[in-house]
Amino acid sequence: MPNATRFDLAYDTMPWHKVDAVVFDIGNVLIRFAPDGFVQQLFPGDAAMQRHMLEHVFHGPYWADFDRGTLTYEEAAARLARQTGGREADYLHALYGWIELKTPIEEGWRAVRRCRRAGKRLYLLSNYPREGYARLREKFADLFQSFDGGCISFQCHHLKPEEAIYRELIDSCGLEPARTLFIDDTLQNVEGALNCGLHGFHMHESGMLDRFFI
759 MPNATRFDLA YDTMPWHKVD AVVFDIGNVL IRFAPDGFVQ QLFPGDAAMQ RHMLEHVFHG
819 PYWADFDRGT LTYEEAAARL ARQTGGREAD YLHALYGWIE LKTPIEEGWR AVRRCRRAGK
879 RLYLLSNYPR EGYARLREKF ADLFQSFDGG CISFQCHHLK PEEAIYRELI DSCGLEPART
939 LFIDDTLQNV EGALNCGLHG FHMHESGMLD RFFI
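For the sequence shown, my numbering gives the first residue as 759, with consecutive numbering after it.
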């Protein structure tokens, strides 16, 4: 077992001297991901359609394929229309519409700025679809320019918590795992990082990053 530490359990505040690089997840660390709210805004007043889109799109069989970069939104919408008898246009509305509803999580970006001021290199590691990530980088270009690089799932065709995506991050960015901290809101993803020798931080409550990065 690699000698890696869950910083959120081991330390009250960031031990700056122990790391050279900090890696951030995107969804619900830097950018809010809330499918329930998305479908309510995209299909207002239509509870049945909202439930349908949650079941078949956001929690459906193709979401992992989007993140892995092996299926386009257009291909999935056509499949879903054939399978359910629904309208292809409605699925496309859900698939592209949620991207425009994304909002930054200010606490996460405060942590990014504090890490940058402390002289740490900054990277991204996230499960994200091609279309969503492209629009994210366009919409929030001023925020994402803070990062030195990273690994996004659709680019490498691996997903967290698969070991291969952490190895890709480490190799492509030239990281020393024992000097790198990874932050994610999903415990399994943090554990995947720990298994590869990266230190981890499980962000599971609002305010954790503000208290830690002081």
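Ideal Cβ positions, reconstructed from N, Cα and C, are used throughout, including at glycine.
Would you kindly work out how many angstroms separate the C-alpha atoms of residue i and residue j, rounded to a whole number?
i: residue 782; j: residue 874; result: 12 Å
i: residue 901; j: residue 811; result: 30 Å
i: residue 894; j: residue 765; result: 28 Å
i: residue 855; j: residue 877; result: 37 Å
i: residue 970; j: residue 910; result: 25 Å
i: residue 759; j: residue 949; result: Because the pLDDT at residue 759 is just 43, under 50, the model does not fix this residue reliably, and the value given afterwards should be weighed accordingly. Whole-angstrom Cα-Cα distance: 12 Å.
i: residue 928; j: residue 784; result: 18 Å
i: residue 768; j: residue 917; result: 27 Å
i: residue 926; j: residue 791; result: 24 Å
i: residue 807; j: residue 934; result: 47 Å
i: residue 974; j: residue 965; result: The shown model of the chain, from 759 to 972, leaves out residue 974, and the question about it has no answer.
i: residue 758; j: residue 798; result: Nothing about residue 758 can be reported from this structure: the residues present for the chain run from 759 to 972 only.
i: residue 870; j: residue 818; result: 32 Å
i: residue 847; j: residue 884; result: 28 Å
i: residue 922; j: residue 886; result: 16 Å
i: residue 908; j: residue 778; result: 15 Å
i: residue 906; j: residue 840; result: 42 Å
i: residue 787; j: residue 868; result: 11 Å
i: residue 771; j: residue 830; result: 42 Å
i: residue 776; j: residue 937; result: 6 Å
i: residue 834; j: residue 820; result: 7 Å
i: residue 891; j: residue 853; result: 13 Å
i: residue 889; j: residue 955; result: 31 Å
i: residue 850; j: residue 972; result: 42 Å
i: residue 801; j: residue 904; result: 35 Å
i: residue 872; j: residue 882; result: 16 Å
i: residue 814; j: residue 919; result: 23 Å
Around the Cβ of residue i, are there at least 16 other Cβ atoms within 10 angstroms (buried) or fewer (exposed)?
i: residue 862; result: exposed
i: residue 945; result: exposed
i: residue 789; result: buried
i: residue 978; result: The first residue shown for the chain is 759 and the last is 972, placing residue 978 beyond what the model contains.
i: residue 795; result: exposed
i: residue 843; result: exposed
i: residue 773; result: exposed
i: residue 711; result: Because the chain is modelled from 759 through 972, residue 711 falls outside the range shown and cannot be assessed.
i: residue 899; result: exposed
i: residue 845; result: exposed
i: residue 879; result: buried
To which residues does DSSP link residue i through a beta bridge?
i: residue 837; result: Partner(s): none; residue 837 has no beta bridge.
i: residue 862; result: 789
i: residue 879; result: 779
i: residue 958; result: 764, 940
i: residue 964; result: According to DSSP, which records beta bridges pairwise, residue 964 is partnered with nothing at all.
Between residue i and the ligand NAD, is the CB less than 7 Å from at least one heavy atom?
i: residue 849; result: This structure lacks the ligand NAD; in fact it carries no ligand of any kind.
Using a Cβ-Cβ distance cut-off of 8 Å, determine whether residue i contacts chain D.
i: residue 868; result: In the displayed structure, chain D is absent; only one protein chain is listed.
query = Of all the beta strand (DSSP E) runs that stay within the bounds of the segment 905-945, which reach a length of 3 or more residues?
reply = If we require 3 residues or more, the beta strand (DSSP E) runs fully inside the segment 905-945 come out as 907-910, 938-942.
Stretch pair the segment 932-947 + the segment 956-968: three plus CB contacts closer than 8 Å
Contact holds: three or more Cβ-Cβ distances are below 8 Å.
Check your understanding: Where are the beta strand (DSSP E) runs, 3 residues long or more, that stay fully inside the segment 763-817, in chain order?
Key -> Counting only unbroken stretches of 3 or more residues, the beta strand (DSSP E) elements lying wholly within the segment 763-817 are 779-782, in sequence order.
With a cut-off of 8 Å, do at least 3 Cβ pairs link the segment 910-919 to the segment 817-827?
Verdict: yes, contact present.
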